[in-house]
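Worksheet: the structure to be examined is printed underneath.
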Amino acid sequence: MGHPPWRADGDNSDQAVEFCLRLSATAVERSAGRVYRLPTEAEWEFACRACTTTRWCCGDDEVQLADHARFGQNSNERTHAVAEKTPNAFGLFDMHGNNKGHQYDWA
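For the sequence shown, this note's numbering gives the first residue as 686, with consecutive numbering after it.
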């Protein structure tokens, strides 16, 4: 991790859930009372849109989206390092595009 190419293929929802379970089971996390899970679709959407009502966190114009997201036209059909584009209003990067996300509802 952290070095190109960033491996993004092959991880499925079951593997993402298993990762959360394993992380939650570590002694450090258990002693701190922390439990990890995937976000629900509603939680993901809220975090992604950052309280906006537009199609994307940056508005409805796909031209603006290019400043915030990697997608077909600006990705060269590969994944990219996180935080190369502008974050949303919550300071979150790569919520639109670049890679597939997993949600609890769909796992």
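We treat Cβ as the ideally placed atom computed from N, Cα and C, and that holds for glycine.
Would you tell me roughly how many angstroms separate the C-alpha atoms of residue i and residue j, rounded to the nearest one?
| i | j | result |
| --- | --- | --- |
| Ala717 | Arg707 | 15 Å |
| Gln749 | Ala701 | 31 Å |
| Glu730 | Leu777 | 12 Å |
| Gln758 | Arg719 | 40 Å |
| Arg722 | Thr737 | 25 Å |
| Thr739 | Val713 | 40 Å |
| Asp745 | Asp779 | 17 Å |
| Glu747 | Lys770 | 14 Å |
Whose CA, out of the options, lies closest to the CA of residue i?
| i | options | result |
| --- | --- | --- |
| Asn783 | Asn761, Phe775 and Ala774 | Asn761 |
| Arg734 | Tyr789, Thr711, Asp699 and His781 | His781 |
| Ala766 | Arg740, Cys705, Asn773 and Ala754 | Ala754 |
| Pro772 | Cys742, Arg763, Leu723 and Cys736 | Cys742 |
| Asp790 | Thr711, Arg715, Asp696 and Thr725 | Thr725 |
| Arg763 | Lys785, Arg715 and Thr711 | Lys785 |
Looking at the unbroken alpha helix (DSSP H) that takes in residue i, where does it start and where does it end?
| i | result |
| --- | --- |
| Gln749 | Glu747 to Leu750 |
| Gln700 | Ser698 to Ser709 |
| Leu734 | Sequence check: residue 734 is Arg here, not Leu. Glu726 to Arg734 is the extent of the alpha helix (DSSP H) around Arg734. |
| Arg715 | Ala712 to Ala717 |
So residue i and residue j are supposed to be a Cβ contact under 8 Å. How far apart are they, rounded?
| i | j | result |
| --- | --- | --- |
| Ala732 | Phe704 | Not quite, the Cβ-Cβ distance comes to about 19 Å (not below 8 Å), so this is no contact. |
| Ser698 | His787 | 5 Å |
Consider the C-beta atom of residue i and the heavy atoms of the ligand SAH; say whether any pair is separated by less than 7 Å.
| i | result |
| --- | --- |
| Gly776 | You won't find the ligand SAH in this model; it holds no ligand whatsoever. |
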